[in-house]
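Worksheet: the structure to be examined is printed underneath.
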Amino acid sequence: MDVTLGRPASAQLSAATTVVGVIGDPVAHSLSPLLHNTAFEVMGLDWVSVGFPVGAGRAGTALAGAGALGVRGLSVTMPHKDAVADLVTSRSPLVELLGAVNCLVEGPAGWRGENTDGPGFVDALRHIGEFDPGGRSCLVVGAGGAARAVVAGLAGAGASEVVVVNRSADRALVAAGLAGPVGRAGEESDAALADLVVNATPLGMGLPAGAAEAWPVRPELLRPGQVVVDLVYHPLVTPWMAAARDRGALVANGLGMLVHQAALQLALWTGRDVPVQAMWEAAQPAGAE
Ligand code: NAP
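With the working numbering, letter number 266 in the sequence shown gets 671, and the count goes up by one each step, no holes.
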């Protein structure tokens with residue numbers, strides 16, 4: 406199957422084709438259309454996913470236009486995740502908690518806001534490392550949009566503790582609060598006792614393995630028996646992942662979260678089983694670019 410352009414060469418678009426897409430700025434680099442279109446091909450659906458470049462402040466106009474054009478669903482990326490939460494006609498409980506939307510589902514009453522980032526992260530953990538956060542101690546570095554989604558996802562999956570470590574202490578407290586009674590702001594040294602350690606900062610992005618940099622968590626705090634996930638996936642193996650692997654931890658990059666949050670979006674839009682494995686296979690070489 407040729408999915409190099411994000412849609413199989415054999416596919417024929419027509420006036421009957423159902424359209425979904427991703428809104429963001431920039432959006433041309435987004436892997437979401439590739440993941441969606443790979444799934445549509447395997448599912449045998451006459452659907453297509455495209456990128457819609459929508460600048461900051463224009464999400465409301467974009468939603469109105471997309472609704473009028475019959476667009477069935479939209480993935481939402483930077484810089485719109487927070488703004489769109491105020492534009493939808495209904496919100497899932499996770500959107501209420503996070504104040505952020507990564508998925509829009511079109512319905513008779515207008516756009517429904519969903520957020521599949523945290524549940525997608527948890528699904529990826531189960532897929533990659535057969536790691537179930539239920540009853541486990543987790544530490545998240547970062548307190549931005551990705552970290553907050555992961556914190557809420559881990560708490561929702563029954564983690565016994567979710568510790569947030571962040572450069573700005575006030576933001577760590579806010580993010581930890583999303584985990585309710587199991588959340589707390591902590592220190593880097595807490596990583597030594599965590600079952601799962603997640604980097605949700607851009608540290609390591611674009612750096613080749615072996616490059617000198619500031620670590621999200623010093624590798625000497627990591628050990629065998631831990632799962633270590635870097636949400637970064639450029640490069641596919643970050644210097645921190647390589648160091649954690651050298652320390653004996655099971656490591657994974659952020660492609661899993663990307664694939665599984667997209668799979669959950671597709672399930673919301675189509676109501677069908679989604680071919681996650683085919684999406685994984687499409688994402689691997691694309692993530693290496
Ligand atoms: P964001 O909202 O801008 O938050 C960035 C976070 O990183 C903040 O907590 C910030 O700390 C911290 N940070 C930034 N530079 C730092 C530095 N030099 N040293 C220490 N901390 C630093 O970004 P985001 O949307 O959450 O994204 C975070 C990362 O996750 C990015 O690398 C992004 O590519 C990745 N991501 C991956 C996926 C996926 O599907 N795999 C999805 C979303 C995001 P302060 O609070 O102190 O500013």
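All C-beta atoms, glycine included, are put in the ideal place defined by N, C-alpha and C.
Computed from a predicted model, the values in this text were never measured in an experiment.
Point to revise | Assigned secondary structure, Thr423 (DSSP; H/G/I helix, E/B strand, else coil) | key: strand
Check your understanding: Hey, would you say the C-beta of Ser542 is under 6 Å away from at least one heavy atom of the ligand NAP?
Key -> no
**Study point:** Inter-residue Cα distance where the pair is Met483 and Ser437
**Key:** Looking at the two C-alpha atoms, the distance is approximately 13 Å.
Review point. Is it the case that the Cβ atoms of Ala580 and Ala605 are separated by a distance below 7 Å?
Key: no
Practice item. State the DSSP-derived secondary structure class of Glu535, mapped to helix, strand or coil. Key: It is coil, neither helix nor strand.
Practice item. Report yes if the C-beta of Val637 is less than 6 Å from at least one heavy atom of the ligand NAP; otherwise report no. Key: yes
Check your understanding: Since Val500 contacts Pro621 with CB under 8 Å, what's their CB separation in whole angstroms?
Key -> Rounded, the Cβ-Cβ distance is 27 Å, inconsistent with contact.
Review point. Counting only runs that start and end within the segment 446-503, where is the beta strand (DSSP E) found for 3 or more residues in a row?
Key: 452-458, 478-481
Exercise for review: Could you tell me which of Thr443, Leu559, Leu468 sits nearest to Thr521, measuring between CA atoms?
Suggested key: Leu559
**Study point:** Nearest neighbour of Met610, chosen from Val637, Pro629, Arg623, Val633 [CA to CA]
**Key:** Val637
**Study point:** 7 Å Cβ cutoff met for Glu511 and Arg477
**Key:** In this structure, Glu511 places its C-beta atom within 7 Å of the C-beta atom of Arg477.
Point to revise | Leu492 beta carbon less than 7 Å from that of Leu468 | key: For Leu468 and Leu492, yes; Cβs fall inside 7 Å.
Check your understanding: beta strand (DSSP E) containing Leu608: first to last residue?
Key -> Premise fails: Leu608 is in no beta strand (DSSP E) and is neither H nor E.
Point to revise | Any non-hydrogen atom of the ligand NAP closer than 6 Å to Thr521 Cβ | key: no
Check your understanding: Mapping DSSP to helix, strand and coil, what is Glu519?
Key -> strand
Exercise for review: Measure the C-alpha to C-alpha separation of Leu660 and Phe457 and round it to an integer number of angstroms.
Suggested key: 22 Å
Review point. CB of Leu663 to nearest heavy atom of the ligand NAP: below 6 Å?
Key: yes
Review point. Using the beta-carbon count (16 or more within 10 Å), is Asp678 buried or exposed?
Key: exposed
Practice item. Provide the residue(s) that pair with Val510 in DSSP beta bridges, ordered along the chain. Key: Gly478, Arg517
Review point. On the three-state DSSP scale, how would you describe Ala414?
Key: Residue confidence is low: Ala414 scores 49 on pLDDT, short of 50, so the model does not pin down where it sits. No coordinate-derived value is stated.
Review point. Which residue's Cα is closest to the Cα of Asp595: Arg553, Gly525, Thr494, Ser542?
Key: For Asp595, the closest alpha carbon among the candidates Arg553, Gly525, Thr494, Ser542 is that of Ser542.
Review point. With burial defined as no fewer than 16 other Cβ atoms inside 10 Å of the residue's Cβ, what is the status of Pro624: buried or exposed?
Key: buried
Practice item. Tell me where the alpha helix (DSSP H) around Arg650 begins and ends. Key: 644-651
Practice item. Going by DSSP, name the residue or residues bridged to Ala590. Key: Val569.
Practice item. Could you name the residues of the same chain whose beta carbon sits closer than 6 Å to that of Ser365, not counting the 5 residues immediately before and after it, in chain order? Key: Past the edges of the chain, shown from 406 to 694, lies residue 365, and the structure says nothing about it.
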